[in-house]
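Each residue of the sequence shown is one higher than the one before, starting from 0 at the first, in numbering that gives the first Met the number 0. Glycine residues also receive a C-beta, built at the ideal position from the N, C-alpha and C atoms. Shown next, in structure tokens, is the structure this report addresses.
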Amino acid sequence: MGRKPKDKFDLSFGSQQDIFEQYKKIFEFTPHEKQLEFLKLPNRVRVFAAANRGGKTTIATMDFIYAALGIHPFQDYPPPPLRLRVIGPSFDLVVNKHHLPRFLEILPKGSWSWSAEKRMLELFNGTTIEFMSYDQELQKFSAVSLHAVWFDEEPPERVFNENLMRVIDTRGKLLLTFTPLHGMNWLYQLIHSDKTDPVTGEPLVGLVTASIWDNPHVPLEEVEMIKAFCRDPDELAARLEGKFFTRAGLIYKEFDRRFHVVDPFPIPEDWMICISIDHHVRNPQAVIFAAIDPDDNIWVYDEFYEHALVPEVCKAIKEKTMGRKIALAIIDVNAATPDAITGKSAKTEYWQHGIYVVPAKKGKGSVLEGIAKVRDYFVKGKLKIFSNCRETIRQIEIYRWAEYSTKMRDRHDPKEAPLKKEDHLCDSLRMLVHAEPKYRPPSMTVTKPHYEPLFKKTGY
0 MGRKPKDKFD
10 LSFGSQQDIF
20 EQYKKIFEFT
30 PHEKQLEFLK
40 LPNRVRVFAA
50 ANRGGKTTIA
60 TMDFIYAALG
70 IHPFQDYPPP
80 PLRLRVIGPS
90 FDLVVNKHHL
100 PRFLEILPKG
110 SWSWSAEKRM
120 LELFNGTTIE
130 FMSYDQELQK
140 FSAVSLHAVW
150 FDEEPPERVF
160 NENLMRVIDT
170 RGKLLLTFTP
180 LHGMNWLYQL
190 IHSDKTDPVT
200 GEPLVGLVTA
210 SIWDNPHVPL
220 EEVEMIKAFC
230 RDPDELAARL
240 EGKFFTRAGL
250 IYKEFDRRFH
260 VVDPFPIPED
270 WMICISIDHH
280 VRNPQAVIFA
290 AIDPDDNIWV
300 YDEFYEHALV
310 PEVCKAIKEK
320 TMGRKIALAI
330 IDVNAATPDA
340 ITGKSAKTEY
350 WQHGIYVVPA
360 KKGKGSVLEG
370 IAKVRDYFVK
380 GKLKIFSNCR
390 ETIRQIEIYR
400 WAEYSTKMRD
410 RHDPKEAPLK
420 KEDHLCDSLR
430 MLVHAEPKYR
440 PPSMTVTKPH
450 YEPLFKKTGY
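Take a look at the structure:
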């Protein structure tokens, strides 16, 4: 049985002095500058990336309490009752040690009831605050409509996406508070994306970063202790300054948007056009479109990343190559394998649609060689990417080496293979750069490869 709240507990009951005493901790709370900035963010997804002891948990707790009581000074939450959800790394942390105790410390006694079975706090006005953990099964997050969800510390992407669905019908809000210890992962990509709110046209995500020095209540001794025990300079920057950093394991550390991403411009008529295709049956088709200038620099000017059949891919290729002659069309070697039913390979299909692909370099070590070549091109400034190739840029920034599980990591040397997830455009880029395309003028004659049908009677 949960604790029963008072039937009539409201801000309008009792004298002003009684009300102040009951809500003293709420009325007397004074956010520091960065916390106030977070409270005021107009975005539907509000992010507070802060150092350890940066005040992130405190301000998100206060934000939810303001919303739950219908007294938020800046946000347009609906009037109570609201349905709110708090999610953290573990139930022990969320319920026993950190989040729930923080709410109960601030809310007036008698204004709430707690259901241990549902792990839900219910306030006198009908507002509910549900407490959950990232390690729960995904289906546990579904089948409910919410007005706001607060993620404390970096959530798994699938948990974030599932909870995003919970606030769609209410135009609800998402709060994320964390110290960025996992590097430039999917969350970094979300925060720095150009997604906009379809209703207001404003940026969907708003970000506040706070260092440990932004919290005036943190003693200097705390800072010195963190410095003494944290030896990794990148992790130290995250813990003290709330900054994202590049985790060890990122493959293209040399890539820097400031130097390698350029604004689109018309491709000169005398530049050589090349494409590279990472072909799939179940995953999106990944095609890189590049132009080679007279100095053999590679300019990636467009991309195709969609689930599509070969005829659809070929149509897109012809549109994105602007009717220009394709000097080199590379495809992964697996595309040459005949289909078990039709006997026809993807490579053959591309030929039949006028895209004369040739297999990428293969052999033992070819993937590592290709990666090394891409890194070399980045270092020498010979590889540039147009800013409209958003998915290519995103994949480059999260492309990393595969790792053993935490338990096995100390027993093995690091893996020498990329993590096979969201890497298809990186594969296309690697195959193209590994081929080291050399410029030749459009006037040079290119002989089309001879196509021999597998079955002469049918022509296929």
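Per-residue burial, Leu120 [other beta carbons within 10 Å of its own, 16 or more giving buried] = With 16 or more Cβ atoms within 10 Å of its Cβ, Leu120 is classed as buried.
For the alpha helix (DSSP H) holding Asp426, just list the boundary residues, first then last.
-> Its alpha helix (DSSP H) spans residues His423 to His433.
Alpha-carbon to alpha-carbon, Leu189 and Pro202 | Distance between the alpha carbons of Pro202 and Leu189: 11 Å.
From Ala59 to Phe140, what distance separates their C-alpha atoms?
-> Those two C-alpha atoms are separated by around 20 Å.
Option nearest Val357 by Cα separation, candidates Gln351, Lys346 and Leu367 | With distances taken between CA atoms, Val357 lies nearest to Lys346 out of Gln351, Lys346 and Leu367.
Ala67 and Leu122 closer than 7 Å at C-beta | A Cβ-Cβ contact shorter than 7 Å links Ala67 with Leu122.
In this structure, what does DSSP give as the bridge partners for Trp532?
-> With the chain covering only 0 through 459, there is no way to say anything about residue 532.
Reducing DSSP to helix, strand and coil, say where Leu35 ends up.
-> In the structure shown, Leu35 adopts helical secondary structure according to DSSP, grouped into three states.
So, are the CB atoms of Tyr376 and Ile250 less than 7 Å apart?
-> Against a cut-off of 7 Å, the Cβ pair of Ile250 and Tyr376 comes out as no contact.
With distances taken Cα to Cα, identify the nearest neighbour of His306 among Gln284, Lys324, Thr320 and Arg323.
-> Checked all of Gln284, Lys324, Thr320 and Arg323; the closest Cα to His306 is Gln284.
Please report how far the alpha carbon of Asn160 lies from the alpha carbon of Ala335, in whole angstroms.
-> Taking the straight line from one Cα to the other gives about 37 Å.
DSSP beta-bridge partners for Tyr304?
-> According to DSSP, Tyr304 bridges with Ala285.
Let me know the alpha helix (DSSP H) ranges lying completely inside the segment 166 to 196, each 4 residues or longer, listed in chain order.
-> Positions of the alpha helix (DSSP H) runs, each at least 4 residues long and wholly inside the segment 166 to 196, are given as 185 to 190 in order along the chain.
Cβ neighbours of Lys360 in the same chain (closer than 8 Å, five flanking residues each side left out) | Non-local C-beta neighbours of Lys360 in its own chain, meaning closer than 8 Å and more than five positions away in sequence, comprise Glu368, Gly369, Met430, His433 and Ala434, ordered along the chain.
Using a threshold of 7 Å, state whether the C-beta atoms of Glu127 and Arg82 are closer than that.
-> The residue asked about is misnamed: residue 127 is Thr in this sequence, not Glu. In this structure, Thr127 lies near Arg82, with their beta-carbon atoms less than 7 Å apart.
Where the alpha helix (DSSP H) through Cys313 begins and ends | Where Cys313 is concerned, the enclosing alpha helix (DSSP H) stretches over Val309 to Lys319.
Could you tell me whether the Cβ atoms of Leu428 and Ile287 are closer together than 7 Å?
-> The answer is yes: Cβ separation under 7 Å.
What do you reckon, are the CB atoms on Glu156 and Phe177 nearer than 7 Å?
-> If you check the CB distance, Glu156 and Phe177 do not come in under 7 Å.
Exposure label - Glu27; buried when at least 16 CB within 10 Å = With fewer than 16 other Cβ atoms within 10 Å, it is exposed.
From what residue to what residue does the beta strand (DSSP E) around Trp149 run?
-> From DSSP, the beta strand (DSSP E) with Trp149 extends over Ala147 to Asp151.
Cβ pair Glu129, Arg84 closer than 7 Å = Closer than 7 Å, so yes.
Inspect the beta-carbon positions of Gly87 and Val94 and report whether they are closer than 7 Å.
-> Against a cut-off of 7 Å, the Cβ pair of Val94 and Gly87 comes out as no contact.
Span of the alpha helix (DSSP H) holding Asp134?
-> Per DSSP, Asp134 lies in no alpha helix (DSSP H) segment and is marked neither H nor E.
Report yes if the CB atom of Lys117 is closer than 7 Å to the CB atom of Ala147, and no otherwise.
-> Contact flag unset, no.
Just reading off the alpha helix (DSSP H) that Lys139 is part of, what are its end residues?
-> Membership of Lys139 in any alpha helix (DSSP H) is not indicated, and neither H nor E is assigned to it by DSSP.
Output yes or no for whether 7 Å exceeds the beta carbon distance between Val44 and Val198.
-> Cβ atoms of Val44 and Val198: not closer than 7 Å.
Where Leu103 falls, given that 16 or more other Cβ within 10 Å makes a residue buried | Around the Cβ of Leu103, a 10 Å sphere holds fewer than 16 other Cβ atoms; the residue is exposed.
Please check the pair Ile384 and Val299, which I expect to be a contact at CB under 8 Å, by giving their CB distance rounded to whole angstroms.
-> The pair is a contact, with the Cβ atoms about 4 Å apart (cut-off 8 Å).
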